[in-house]
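> Residue numbers (my numbering), protein chains in the order written: chain A, 1 to 349; chain B, 350 to 698.
Glycine residues also receive a C-beta, built at the ideal position from the N, C-alpha and C atoms.
Treat the numbers as computed from the prediction; the structure is a model and nothing was measured.
Number of protein chains: 2
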Amino acid sequence: MTVTLADVAARAQVSPATVSRVLNGNYPVAASTRERVLKAVDELDYVLNGPASALAAATSDLVGILVNDIADPFFGIMASAIQAEIGGPGGRAGGERLAVVCNTGGSPERELTYLTLLQRQRAAAVVLTGGAIEDPVHQAAMDAKVRKLIDAGTRVVLCGRPPAPDTGAIALTFDNRGGGQELTEHLIGLGHRRLGYIAGPQERTTTRHRLEGHRAALAAHGIEEDPRWTVHGRYDRRSGYEATLELLRRDPSLTAVVAANDSVALGACAALRDSGLRIPEDVSVAGFDDLPFSIDAVPSLTTVRLPLAEAGARAGRVAMGREEAPPGGIASVRGELMVRGSSGVPRTS
Amino acid sequence: MTVTLADVAARAQVSPATVSRVLNGNYPVAASTRERVLKAVDELDYVLNGPASALAAATSDLVGILVNDIADPFFGIMASAIQAEIGGPGGRAGGERLAVVCNTGGSPERELTYLTLLQRQRAAAVVLTGGAIEDPVHQAAMDAKVRKLIDAGTRVVLCGRPPAPDTGAIALTFDNRGGGQELTEHLIGLGHRRLGYIAGPQERTTTRHRLEGHRAALAAHGIEEDPRWTVHGRYDRRSGYEATLELLRRDPSLTAVVAANDSVALGACAALRDSGLRIPEDVSVAGFDDLPFSIDAVPSLTTVRLPLAEAGARAGRVAMGREEAPPGGIASVRGELMVRGSSGVPRTS
DNA sequence: AGCGTTGCAGCAAGCGCTTTCTATGTACTC
DNA sequence: GAGTACATAGAAAGCGCTTGCTGCAACGCT
Chain A
1 MTVTLADVAA RAQVSPATVS RVLNGNYPVA ASTRERVLKA VDELDYVLNG
51 PASALAAATS DLVGILVNDI ADPFFGIMAS AIQAEIGGPG GRAGGERLAV
101 VCNTGGSPER ELTYLTLLQR QRAAAVVLTG GAIEDPVHQA AMDAKVRKLI
151 DAGTRVVLCG RPPAPDTGAI ALTFDNRGGG QELTEHLIGL GHRRLGYIAG
201 PQERTTTRHR LEGHRAALAA HGIEEDPRWT VHGRYDRRSG YEATLELLRR
251 DPSLTAVVAA NDSVALGACA ALRDSGLRIP EDVSVAGFDD LPFSIDAVPS
301 LTTVRLPLAE AGARAGRVAM GREEAPPGGI ASVRGELMVR GSSGVPRTS
Chain B
350 MTVTLADVAA RAQVSPATVS RVLNGNYPVA ASTRERVLKA VDELDYVLNG
400 PASALAAATS DLVGILVNDI ADPFFGIMAS AIQAEIGGPG GRAGGERLAV
450 VCNTGGSPER ELTYLTLLQR QRAAAVVLTG GAIEDPVHQA AMDAKVRKLI
500 DAGTRVVLCG RPPAPDTGAI ALTFDNRGGG QELTEHLIGL GHRRLGYIAG
550 PQERTTTRHR LEGHRAALAA HGIEEDPRWT VHGRYDRRSG YEATLELLRR
600 DPSLTAVVAA NDSVALGACA ALRDSGLRIP EDVSVAGFDD LPFSIDAVPS
650 LTTVRLPLAE AGARAGRVAM GREEAPPGGI ASVRGELMVR GSSGVPRTS
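1) Is residue 489/B helix, strand or coil when you go by DSSP?
2) Among 128/A, 315/A and 121/A, which one has its Cα closest to the Cα of residue 400/B?
3) Can you pull the chain B neighbours of residue 292/A, defined as C-beta to C-beta under 7 Å?
4) Let me make sure I understand the geometry here. Which of 398/B, 410/B, 408/B and 411/B has the alpha-carbon closest to that of residue 56/A?
5) Helix, strand or coil for residue 381/B? Go by DSSP, reduced to three states.
6) Which of the three DSSP states is assigned to residue 330/A in this structure?
7) In chain order, which alpha helix (DSSP H) runs of at least 4 residues are fully inside the stretch 13 to 72 of chain A?
8) What is the DSSP secondary structure of residue 197/A, reduced to helix, strand or coil?
9) Express the C-alpha separation of residue 2/A and residue 14/A in angstroms, rounding to a whole number.
10) For residue 334/A, count neighbouring Cβ atoms within 10 angstroms of its own Cβ and tell me buried if that reaches 16, exposed if not.
11) Go to residue 309/A, then tell me how far its alpha helix (DSSP H) extends in each direction, as first and last residue.
12) Thinking residue 620/B and residue 590/B are a contact (beta carbons under 8 Å), I'd like their distance in whole angstroms, please.
13) Who pairs with residue 122/A in a beta bridge, going by DSSP?
14) Closer than 8 Å, CB to CB, is residue 429/B near chain A or not?
15) Along the stretch 36 to 50 of chain A, what residues have a CB closer than 9 Å to any CB found in chain B?
16) Taking residue 653/B as part of the beta strand (DSSP E), name the residues at either end of that continuous run.
17) DSSP three-state call for residue 232/A: helix, strand or coil?
18) For residue 355/A versus residue 346/A, is the C-beta spacing smaller than 8 Å?
19) Which chain B residues sit within Cβ distance under 7 Å of residue 298/A?
20) Apart from the five residues on each side of it in sequence, which residues of its chain come closer than 8 Å, Cβ to Cβ, to residue 360/B?
21) Would you mind reading off the limits of the beta strand (DSSP E) that contains residue 519/B?
22) Counting contacts by CB-CB distance shorter than 8 Å, is residue 625/B in contact with chain A?
23) Does residue 421/B get closer than 8 Å to chain A when you measure Cβ to Cβ?
24) Under a CB-based cut-off of 8 Å, is residue 101/A close to chain B?
25) Can you name the start and end residues of the alpha helix (DSSP H) that residue 387/A belongs to?
26) Using a C-beta cutoff of 8 Å, does residue 253/A count as contacting chain B?
27) Roughly how many angstroms lie between the CA atoms of residue 187/A and residue 256/A, to the nearest whole one?
28) Using the Cβ count rule (16 or more neighbours within 10 Å means buried), how would you classify residue 111/A?
29) Could you spell out the range, first to last residue, of the beta strand (DSSP E) harbouring residue 239/A?
30) Could you tell me how far apart the beta carbons of residue 252/A and residue 232/A are, in whole angstroms, since I believe they sit closer than 8 Å?
31) If the cut is a Cβ gap below 8 Å, which residues of chain B does residue 2/A touch?
32) Note down the Cα distance separating residue 419/B from residue 479/B, rounded to an integer number of angstroms.
33) The stretch 611 to 622 of chain B: which residues have C-beta closer than 9 Å to a C-beta of chain A, in chain order?
34) Just reading off the beta strand (DSSP E) that residue 605/B is part of, what are its end residues?
35) Give a yes or no on whether 8 Å exceeds the smallest Cβ distance from residue 582/B to chain A.
36) Would you give the residue range spanned by the beta strand (DSSP E) that residue 504/B belongs to?
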């Protein structure tokens, strides 16, 4: 049999109510009584029954963090920062919260199911990270779910995700479009006119926005885009490798390759090297995100630095109600262009 | 007001008991009744109250995964594999489980507090990943906590962590010692006799075991170790960079650097390059873990491949009781030496 | 002295579900 | 056709906690 509140109460010679109040510290209790209770708690090694507490109080100390791929540092870094702010153990705020990271694996169903699971647990808050899936049906379902969560008192924050208008969710969005544009403009500025683009999965907002930025830059400089210059793939190295070979096959005269993210860019570098091309002398390469390993690539990667940790921390604070929501409930977070060794002037053909 | 079981029961014209039984599917219910109930659930958009359910049933569907650093792919990959097996949404098994990843940040207190939090939630299982902290006091506290969890019916699995004897926890341990030895023997076999070693944080089992393997290899080949050849640091790139500069300062005649893990090795590579040394012509470098980016380094990294995903998946299955525990509750998982471009014969001085 | 305050502690009513036990109708068996 | 077994549904007793309300001293005020 596990120890209950009543056991502690008996030992401390007080009523269960008093024990509860000592533990929650939300009601005046005489110092001597408190001490007696805490002593009993300690002696009996009492651990509060979470479910019972959540049921009675109609609130829980669970906070959910949804990520697309926990094995990807992009999400790991954000999750880490969010969790640090949520409190979890070690957080400054009194009430300890259990920050839980849920891995959707990019699957719409899992995303929805996790939200239901969190709703079921009456989570105090939920942070959704990463790009959204652009299927209208799924999006409607998600919005409905988010609205329901908010109605039930759960705070919902979108971190690095496009806003969900009319749901009441607070959004900290990355300016993927602006970043993409800046990156491509950098390459154009170096003199590149034939740029390959390795995009992420089709139905992702992140993919679309970065690509739109790229195209905006091309358009702004009067460069007409060749449809052969764009290839779609997954957000991983392997995909970047294969896509690059494909690009090279389609048009060997490309002088630059822009990748959907850093992992893809690394794959691109490998493919170029394996094809006997030098970076950046023969082909320039650019990534996106500026994950820690990007600076270690040889040559180090030109990319757009996204303040993942900062944004995550802010999202965490907002989720905890420790920081005010941005005006309008939407904030756009800009990336910063990091020019490094992988981009240079194009070869003079 | 949220919808409750009773509301559904009223709508379906049955008793709450019946609704509960339909939802849990653990008791015969006539097909026609079931249908009526499910229809009502759907119409009312009913979501089970998790805490209430957990309280009444005295069980929960929460499974905890403790990791040292969620931003590190080493843990991300394991966590991802564990979670995939746990079920979470998408898992085959009926009952959906909420697999939650808790980030301890390597702090003993947080580790302990998370365990308490999970105990409080009456978690169904807990998986602890990564090396343990070698402080006797902390270790005793952890063991006691683990024992308590197990007594309370929580299954505890250690993944990539040394066994905790007498606690009843099941352990899938990585053979860090063997891997470390094999790695260093590879370098010795190439002809290296002056090897620097960048170890991880002092008080970690992982650190100690890998270092022990390294020293065992040296001893086996009659190489006397110079105390200047070992430097301790953190498990990150930065640390590897700095430690390498320090090693070079202490003994410029080193022909190889063995790092505590791949991130550290990457930092080492950067430091060597910045010092004007070629890899592997001037200095060979070796890592540990074989994380995805290691193959992308230039030259690609010689390292020991740890089957993180496989071990995680197995740990997940064991935690769910879907796979039998190894005999004696302990299994040792071996790494595999991956010889790549970063190691070669030493320069002939 | 009388009375309103204030400070602490206890009572008891739930929170929304699960589950044991009981009740009822139906299907067999001989 | 009586007796037994089976399938299904309901009543009700909690699960362990929180919290509104009540109770009761001790205190200060006029």
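Well, looking at it:
1) It is helical.
2) Nearest of 128/A, 315/A and 121/A to residue 400/B, Cα basis: 121/A.
3) Contacts between residue 292/A and chain B, judged by CB atoms closer than 7 Å, involve 586 in chain order.
4) The residue from 398/B, 410/B, 408/B and 411/B with its alpha-carbon nearest to that of residue 56/A is 398/B.
5) Looking at residue 381/B - three-state DSSP - the assignment turns out to be helix.
6) Three-state result, residue 330/A: strand.
7) Qualifying alpha helix (DSSP H) stretches, in chain order: 16 to 24, 31 to 44 and 50 to 57.
8) DSSP places residue 197/A in strand when its eight states are reduced to three.
9) When the Cα atoms are used, residue 14/A and residue 2/A turn out to be separated by approximately 19 Å.
10) Taking all protein chains shown into account, residue 334/A has fewer than 16 neighbouring C-beta atoms within 10 Å of its C-beta and is therefore exposed.
11) If you look at residue 309/A, you'll find it in the alpha helix (DSSP H) that goes 308 to 319.
12) That pair is a contact at about 5 Å.
13) Answer is none; residue 122/A lacks a bridge partner.
14) At a cut-off of 8 Å between beta-carbon atoms, residue 429/B makes contact with chain A.
15) So the list reads 45, 47, 48, 49 and 50, given in the order they occur along the chain.
16) Start and end: 652 to 654.
17) Assignment of residue 232/A by DSSP, reduced to helix, strand and coil, places it in the strand class.
18) Residue numbering for chain A in the displayed model covers 1 to 349; residue 355/A lies beyond these limits and cannot be assessed.
19) 647, listed in chain order.
20) Here the set comprises 389, 392 and 393.
21) It spans 519 to 523 - the beta strand (DSSP E) in which residue 519/B sits, taken as one unbroken run.
22) No, residue 625/B lies away from the interface with chain A (no Cβ there is under 8 Å from its Cβ).
23) Output row for residue 421/B: interface = yes.
24) Judged by the 8 Å Cβ criterion, residue 101/A is in contact with chain B.
25) The question about residue 387/A has no answer here: the residues shown for chain A are numbered 1 through 349.
26) At a cut-off of 8 Å, the C-beta of residue 253/A has no neighbouring C-beta in chain B.
27) Rounded to the nearest whole angstrom, the C-alpha separation of residue 187/A and residue 256/A is 8 Å.
28) The residue in question, residue 111/A, is buried, as its Cβ has 16 or more Cβ neighbours within 10 Å.
29) Looking at the DSSP string, residue 239/A is not in any beta strand (DSSP E); the run it does join, the alpha helix (DSSP H), is 237 to 250.
30) Going by Cβ atoms, the distance from residue 252/A to residue 232/A rounds to 20 Å, so no, they are not a contact pair.
31) The contacting residues are 501.
32) Those two C-alpha atoms are separated by around 11 Å.
33) Listed in sequence order: 612, 615, 616, 618, 619 and 622.
34) Residues 605 to 608.
35) Judged by the 8 Å Cβ criterion, residue 582/B is not in contact with chain A.
36) Element bounds for residue 504/B: 504 to 508.
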